[in-house]
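**Q** First the structure, then my questions, so here it is.
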Amino acid sequence: IGFCIPFASLPIRARLNDLDKSLLEAANDLYANPWQVFRRVTLPLLWPAVLSGSVLAFVVSLDDFIMTFFVAGPGSTTLPVYIFSAIKAGVTPEINAISTLMLVISIVLVVLAFWLGQRGKNQ
5 IGFCIPFASL PIRARLNDLD KSLLEAANDL YANPWQVFRR VTLPLLWPAV
55 LSGSVLAFVV SLDDFIMTFF VAGPGSTTLP VYIFSAIKAG VTPEINAIST
105 LMLVISIVLV VLAFWLGQRG KNQ
C-alpha cells in the first residue's frame with residue numbers, strides 16, 4: 005500500500021488544485037457547516053479523482069509483484085503472489101475465477117470513472 009499511495013495522490017492533488025474555491029465559499033455563505041461542505045460540495049467534485057487514483061493504485065499494485073515477491077515475509081501472501089504460486093502448480097478454476105473477477109472489477113471501475121467524468125462535464 006505504501007508504494008501505491010503516491011500514485012493515488014497525484015490525480016487527487018491535481019483536482020484539489022483546480023477546485024473552484026468560490027463553490028466552497030458559496031456553500032459557507034448558505035450556512036453549511038464544514039461537514040456539509042465536504043460531503044455535498046468537495047467530495048462530489050473530488051470523486052472522479054479519488055476513483056481514478058484508486059484504479060491507478062490498484063493497477064500499480066498488481067505490477068509490484070516482483071517487489072512484493074522478494075520483500076514479503078514467509079507468513080504473508082498477497083493476492084499476486086498467491087496467483088503466481090497457484091499458476092505454477094497449474095491453472096485451476098479458482099485462478100480463472102479470481103482473474104475474471106479482477107478483470108471485471110477493473111473494467112467496471114474504468115467505465116464508471118469515464119461515465120462520472122462525462123457527467124461532470126455536462127453539469
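Position 67, counted from 1, in the sequence shown is what my numbering calls 71; the numbers after and before it change by one each time, with no gaps. Don't be surprised by glycine CBs; every beta carbon is placed ideally from N, CA and C.
Thinking C-alpha only, which one of M71, G94, L60, R17 is nearest L49?
**A** Stepping through the sequence shown from its first residue, residue 49 is reached at position 45. The candidate whose alpha carbon is nearest that of L49 is R17.
**Q** Among the residues of its own chain, which have a CB less than 6 Å from the CB of A90, if the five just before and after it don't count?
**A** Numbered from its first residue, the sequence shown carries residue 90 at position 86. If we look at A90 and ignore the five residues flanking it on each side, its Cβ neighbours are I99.
**Q** Three or more C-beta pairs closer than 8 Å, one from the stretch 20-31 and one from the stretch 66-77: is that the case here?
**A** With contact defined as three or more Cβ pairs closer than 8 Å, the stretch 20-31 and the stretch 66-77 are not in contact.
**Q** So what's Y86 in DSSP terms, helix, strand or just coil?
**A** Within the sequence shown, the letter at position 82 stands for residue 86. In this structure, Y86 counts as helix in the three-state DSSP scheme.
**Q** I need the straight-line Cα distance from A101 to P10, nearest angstrom please.
**A** On the sequence shown, position 97 is the one that residue 101 refers to. On the sequence shown, position 6 is the one that residue 10 refers to. For A101 and P10, the distance between alpha carbons rounds to 30 Å.
**Q** Skipping 5 residues on each side, what residues in its chain have a beta carbon closer than 8 Å to that of S110?
**A** Position 106 of the sequence shown, counted from the start, is the residue given in the question as residue 110. The answer, listed in chain order, is V59, F62, V63.
**Q** Since R19 is in the alpha helix (DSSP H), which residue starts that stretch and which ends it?
**A** Mapped onto the sequence shown, residue 19 falls at position 15. Segment 9-21, the alpha helix (DSSP H) holding R19.
**Q** For G121 and Q40, I'd like the C-alpha separation in whole angstroms.
**A** Along the sequence shown, read from residue 1 onward, the residue named residue 121 stands at position 117. Along the sequence shown, read from residue 1 onward, the residue named residue 40 stands at position 36. So the alpha carbons of these two residues sit roughly 23 Å apart.
**Q** Taking only three categories from DSSP, how would you classify S103?
**A** As a first step, residue 103 must be located in the sequence shown, where it is residue number 99. Of the three classes helix, strand and coil, the one that applies to S103 here is helix, per DSSP.
**Q** On the three-state DSSP scale, how would you describe D24?
**A** Here residue 24 corresponds to residue number 20 of the sequence shown, with the count starting at 1. Three-state result, D24: coil.
**Q** Can you tell me whether DSSP reads G57 as helix, strand or coil?
**A** For this step, residue 57 is matched to residue 53 along the sequence shown. In the structure shown, G57 sits in a helix (DSSP, three-state: H, G or I).
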